[in-house]
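These notes concern the structure reproduced below.
Right, dumping it as structure tokens:
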């Protein structure tokens, strides 16, 4: 049996009979399985609340799994490294303030993976490649670099004569097509791999290729026989080459579409999220809607955001609640506005201030089942000069700006010139 350990089993695309999918924070004992695959290619794992890139929030999960692997020496381990993506870190007021691509912090990536199992004898390098694995062509963002295979203890006049592999030098298992970059290697009983695996057939081919699964029995034909041209071999080889090119283009299109859907789902999550997750996405949407930079906003535990929108300062609260909009939500926003106006008066400054309540109300319900915002709360917001923006409306506004239907200036006027409840028709 095989155990497949990943960050989010619900999003796992690798499924098969006899395959057990377990979460990284609660895996089953590796000793119960012949093969354990640890998939680190989940960007949800690559984040750190602290202001550095030297660790991840799931550090202790890696350490715990390391101990399990050590305590079960009979099981074979395959570690799938991440593809390139954004490492998020330094959380402030529930929002990750900084992002760094993994390709620009590979020493840290190697050290973090080393918390799971020591990365002895190799370094990582960024370069997009493809590796032939059985019937599959698997992509990789990174490859391994090994030091020269020379031992300082080799005797003789010729320093290269009889060179042997140092004990800590891993065995190379796979190399990329044409460029010959190392994409899989084995150190003791643990194999490391930089290839992207998205299905069980791909995983099975990989396990066969690295020797973790036995290959089907049968006579092994010599290489020269496969190279001998007869019948319509040349035409078939050309057909295979063309088909592979077509498949590569289609897979690239699928990958692009999948990434776009993931981005879309991230934005749509404002309909159901709360807390830090909601604030993070709303910040990103506001930056694109208003064409502003919120990274310099300093959280002083009052309003969730304050932004200069031309000749108007927007002060806002971001909430995800299971109830409908309440008076306390609208009133809390007015407290922040009055506090800021007091600051302006103390400093002898004048600004036009508008308040936004961005809220995902009744967030656990489908949109069709949610009650409309009470007219009493709309009236209260209108009296205060505030604007309630449901996240479904924010999503529609974001869509219109990103598809070019609305300009940044038009969106800015919509948010600064309306009070009460922002409607979808605005």
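In this note's numbering, the protein residues as written are 4 to 429. For each residue, glycine too, the CB sits at the ideal point set by N, CA and C.
Note that the segment 173–180 touches the segment 138–149; at least 3 beta-carbon pairs, one per stretch, sit closer than 8 Å. Residue 195 is bridged by DSSP to 82, 188. Annotated as distal: residue 205 and residue 253, with beta-carbon spacing of 8 Å or more. By the criterion of a C-beta distance shorter than 6 Å, residue 111 is surrounded in its chain by 56, 57, once the five residues flanking it on both sides are discounted. The three-state secondary structure of residue 316, taken from DSSP, is strand. Closest in C-alpha terms to residue 378, from the list 249, 351, 329, comes 329. Straight across, the Cα-Cα distance linking residue 293 with residue 247 is about 44 Å.
A residue is called buried once 16 or more other Cβ atoms fall within 10 Å of its Cβ, and residue 376 is buried on that count.
Nearest to residue 396 by alpha-carbon distance, out of 213, 121, 285, is 285. Per the C-alpha coordinates, the member of 72, 368, 380 positioned closest to residue 332 is 380. Note that the C-beta distance between residue 382 and residue 422 is not below 8 Å. Closest by C-alpha distance to residue 86, out of 400, 186, 408, 237, is 186. DSSP, read as helix, strand or coil, puts residue 408 in coil.
Between the segment 114–130 and the segment 71–86 there are three or more inter-stretch CB-CB distances shorter than 8 Å, so the stretches are counted as touching.
When C-alpha distances from residue 322 are compared across 314, 288, 273, 368, the shortest belongs to 273. Assignment of alpha helix (DSSP H) within the segment 257–345, counting only whole runs of 4 or more residues, yields 278–293 in chain order.
Excluding sequence positions up to five before and after residue 345, its CB lies less than 8 Å from no other CB in the same chain. For residue 84, the CB contacts under 8 Å within the same chain, skipping 5 residues up- and downstream, are 43, 44, 112, 116, 127, 145, 195, 196, 197 in chain order.
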